[in-house]
Amino acid sequence: MQTAQIIPTIRSVGLNGLLVTFGDTATDAANRAAIAFRSAVDAQAWPEITESSSTLVSAFFRVDLSEHGFDGLRDRLSGILDGQDWTSVSLPAGRTLWTIPAVFGGPRAPQLAEAAEAAGLSAAQAEADLTSARLRVLTLGFAPGQPYLGTLGEAWSIPRQVGLTPNVPAGALVAAVRQVCLFTKDTPTGWRHVGQSAFACFRPLSDTPFPLAPGDEVQFTAITAQELARIEAHNADGGGGALSEVLE
Amino acid sequence: MRGLVVQQAGPAMALQDLGRPGFLAVGLTCGGAADVRAVHEGAALLRQSPTLAVVEMVGTGGTFEATQDMRIALTGAVMTAQIDGSAVAWNASHALPKGAKLTIGPTRSGTYGYLHVGGGFAGEPVLGSRATHLSCGLGVLVMQGDVLPVGPDKPGDVGMTLTPEARLSGGTVRVVPSVQTEDFDAAIRQRFENTEFRRDPRANRQGIRMDSDGEGFSNPKALSIVSEVIVPGDIQITGDGTPFVLMAESQTTGGYPRIGTVLPCDLPRVAQAPAGADVRFAFVTLEDGAAIQARANAEQAKLPGTVTPLVRDPATMQDLLSYQLVGGVVSAMHSDLDEGE
């Protein structure tokens, strides 16, 4: 599946920065490389870089290219790239492992059976897959703090449904293309609604407005709809009953 | 409290500033004023920091009453404006005395108008900014009955003006190649550059749709790409070949290919183009684009030096007798002015 040889490219993004891309398909190796490379460049604290991010397969470094020449920065990034095979570099330390309770199937997550069928699994197998996999935050995006989690097994290479579900609620776990997305807010989507949590991905007024970071790991645990309702009744902080521990 | 009472509000008024940079990695786009240039122009008129919050208005403004003496400035899309019934100039600063009523009416040209106050609009920033970002649940629209808190001001001139950079009626905007530009065939890029687009009425702070006659600009090679970082000004080509210029509140990443990126200094021209206005895109190299932007940045930094007193031309004074020609050069040189000329 994953090509052994990834040749990274460095391109300009408007006049807003430089993008280092580790492949043209969303592989797990490319994502690990993007996260590790971003972390390595951030550690050097170049004054030209005002912020950085990572997407599924790329690391982005915001630089005002009207002030700092592209060529020089490209060469310097290239120098760091050449140092090692970024697809086999271990992920940065200090990431967080989250354990997030969620209901799978039933009225709160009505498309579990449909997703399971698309994946060629029973609903019970599908739930077992979703709760046994240690998923990684591949990237955050689309909405603030919203994680794309991966990577599920090959069976979960299910396409998006043709039509959109008009309104899937915040806290929903939706699945497609070997990924799970945990919705920040109510969203129309073509991904299938397989689980429901009470975890708030964006808490604008809290001390930790963005609880998740790229590279964090997420483990879902199955709870009943009654348990979810109990969590929701006392969920002012948006914690959703999740536990977190720092990975060494 | 020092503030502006909102007696009547247009449909899309919101506090904005230069946005929230620094949260791209966690999926929050910068946001902020659609016409950043206008924010700088207002700051120059009031001789204050461009980071202070302003009110952004679309279509029409509202009616406001000051709880204390204030200075105001009006920039961006030109709208009708009166203070206690007397017309006041756009692209200018004015005194708004305690109890006076400021009325901002419909847009005459452009799309996004701005109301600035001396001291800036106050209130608690969230994540370092007062910018309203509705789709992310940050801030709310300004509504009738609100009292917008205003920060402390320092004494300063009013009755000042500047000549805004012309940008309210569309025209040519410059574009640099970006991440996926090469995924579009040269012939498509050429046709894109040669096409006269019209700003579609379907436009908001996320993106602006561009209409054209003839076929679209999708390229089979560019259809299946991995979702990638978005920056404001990116020109996204959707599946049916329609270009959208992505604006301040675009998402942080997107899966549609982008044919190029509008220079930051030309983005206000896209934002302000009214529905139906002609817009053309012209590619420049990255080097040329960087040089153009650097010049624009330098020019913007010099804005405060371009501020001059409003010339009170009697021919354009709508209500001559309401002007208090006390002392000073104006009355001395036009001694018969208050007799109606």
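Residue numbers (the working numbering), protein chains in the order written: chain A, 120 to 367; chain B, 94 to 434.
Where a beta carbon is used, it is the ideal one built from N, C-alpha and C, also for glycine.
Assigned with DSSP and collapsed to three states, W217/A falls in strand. A375/B is outside the set of residues whose beta carbon lies under 8 Å from a beta carbon in chain A.
Taken in chain order, the unbroken stretches of alpha helix (DSSP H) that lie wholly in the stretch 305–389 of chain B and span 4 residues or more are 360–365. Going by beta carbons, I176/B and L189/B fall inside the 8 Å limit.
In the DSSP secondary-structure assignment, C123/B is not bridged to any residue. For I168/A, the three-state secondary structure derived from DSSP is coil. Rounded to the nearest whole angstrom, the C-alpha separation of L379/B and A149/A is 27 Å. With a contact defined as Cβ atoms closer than 8 Å, T160/B and P199/B miss out at about 26 Å.
Going by DSSP, D194/A is part of the alpha helix (DSSP H) stretching over 189–200.
Between V148/B and L208/B, the gap from beta carbon to beta carbon is short of 8 Å. F214/B and L231/B have their C-alpha atoms spaced approximately 16 Å apart. Per DSSP, V337/A lies in no alpha helix (DSSP H) segment; the continuous beta strand (DSSP E) that holds it begins and ends at 336–341. Contact residues of the stretch 344–357 of chain B toward chain A are Q344, T345, T346, T354, L356, P357 (C-beta to C-beta distance below 7 Å). Of all C-beta pairs linking the stretch 136–147 of chain B to the stretch 256–276 of chain B, fewer than three are shorter than 8 Å, placing the two stretches out of contact.
In terms of beta-carbon proximity, A289/A stays away from the interface with chain B, with every pair separated by 8 Å or more. Using a CB distance cut-off of 8 Å, P242/B does not count as an interface residue toward chain A. Chain B places a beta carbon closer than 8 Å to that of D143/A, counting this residue as a contact. Sequence-ordered contacts of the stretch 322–347 of chain A with chain B read P323, L324, P328, F329, L331, A332, P333 [C-beta pairs closer than 9 Å]. DSSP, read as helix, strand or coil, puts R130/B in helix. N135/A has a beta carbon lying within less than 8 Å of a beta carbon in chain B. Bridge partners of I165/B according to DSSP: H187/B, V210/B. Between A262/A and chain B, the shortest Cβ-Cβ separation is below 8 Å. Secondary structure of N150/A (DSSP, three-state): helix. Under the 8 Å criterion on CB atoms, D327/B is classed as interfacial with respect to chain A. Out of L255/B, E308/B, A224/B, the CA that lies nearest to the CA of A185/B is found in L255/B.
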